[in-house]
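**Q** Reading the sequence shown from the start, the letters are residues 50 to 222 in the numbering used here.
Note that CB positions come from ideal geometry on N, CA and C, so glycine has one too.
What you are looking at is a predicted structure, and each value in this text was computed from that prediction instead of being measured.
Take a look at this one; I'll ask things after.
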Amino acid sequence: MDFSRRLFLKTASFGLLALGMPPSFLVRAAEGEKGKWGKVLVVVFQRGGMDGLNAVIPFKDRSYYSLRPSIAIPEPASGEERAIDLDGFYGLHPALAPLKSLFNKGRLAVIHATGSPDNTRSHFDAQDYMELGTPGIKGTPDGWLTRLLTEKRSEENPFRAVALTQRLPRILA
Numbered sequence: 050m051d052f053s054r055r056l057f058l059k060t061a062s063f064g065l066l067a068l069g070m071p072p073s074f075l076v077r078a079a080e081g082e083k084g085k086w087g088k089v090l091v092v093v094f095q096r097g098g099m100d101g102l103n104a105v106i107p108f109k110d111r112s113y114y115s116l117r118p119s120i121a122i123p124e125p126a127s128g129e130e131r132a133i134d135l136d137g138f139y140g141l142h143p144a145l146a147p148l149k150s151l152f153n154k155g156r157l158a159v160i161h162a163t164g165s166p167d168n169t170r171s172h173f174d175a176q177d178y179m180e181l182g183t184p185g186i187k188g189t190p191d192g193w194l195t196r197l198l199t200e201k202r203s204e205e206n207p208f209r210a211v212a213l214t215q216r217l218p219r220i221l222a
């Protein structure tokens, strides 16, 4: 097959178009019947980690600023790039501003400073324990979210979970 400039542009155009279109199963789920949704649990597992203290800032804790002089997010006040006050003690990173309205409506909760009770020094083991829900126990065949979804079956809404990753994460294995 002769790969011409025209074929390249045509192929690249379709590729770019596809990137801008959500997968059809998400479109169908979003267009499904309204009012059938119950409670929704969103689990964000950031591989590689996230600095939780700079995502949800304890801006009233002076230790936060004394221990992080060069990376601390400034206290809420007027101006950009400052913490967004949640409750007078904690604030959101400015990049998380869209979440503030969900918090105000009681539709978002922050569970701060959580982790596994297992004191492993292995990042990989700790990650597995968090996804499997079995700290200190290796070889669990399925993730905690899979076990929850199996226990709480729903005939009304077959669309139960989605993982926006290249492969199925252990939490849904």
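Run the CB neighbour count on GLU35, radius 10 Å, all protein chains shown included, and call it buried at 16 or more, exposed below.
**A** Outside the displayed range of the chain (50 to 222) lies residue 35, so it cannot be described from this structure.
**Q** What's the C-alpha gap between PRO147 and ASN153?
**A** 11 Å
**Q** In three-state terms, what does DSSP make of PRO125?
**A** coil
**Q** Could you name the residues of the same chain whose beta carbon sits closer than 8 Å to that of ASP110, not counting the 5 residues immediately before and after it, in chain order?
**A** PHE138
**Q** For ASP191, which residues of its own chain have a beta-carbon under 7 Å away from its beta-carbon, when the five flanking residues on both sides are left out?
**A** ALA222
**Q** I need the straight-line Cα distance from ALA175 to LEU181, nearest angstrom please.
**A** 10 Å
**Q** In three-state terms, what does DSSP make of GLY140?
**A** In the three-state reduction of the DSSP assignment, GLY140 falls in the strand class.
**Q** Per DSSP, what kind of secondary structure is ASP110 in: helix, strand or coil?
**A** coil
**Q** Please report the straight-line C-alpha distance between HIS172 and ARG131, rounded to a whole angstrom.
**A** 31 Å
**Q** Quick one: grab the DSSP three-state call for ASP174.
**A** helix
**Q** Excluding five sequence neighbours on each side, which residues of the same chain lie with their C-beta closer than 7 Å to the C-beta of MET50?
**A** For MET50, the predicted model reports a pLDDT of 49, less than 50, meaning its position is unreliable and no value from the coordinates is stated.
**Q** When the Cα of ALA144 is compared with those of ILE122, ASP136, THR214, ILE160, which residue comes out closest?
**A** ILE122
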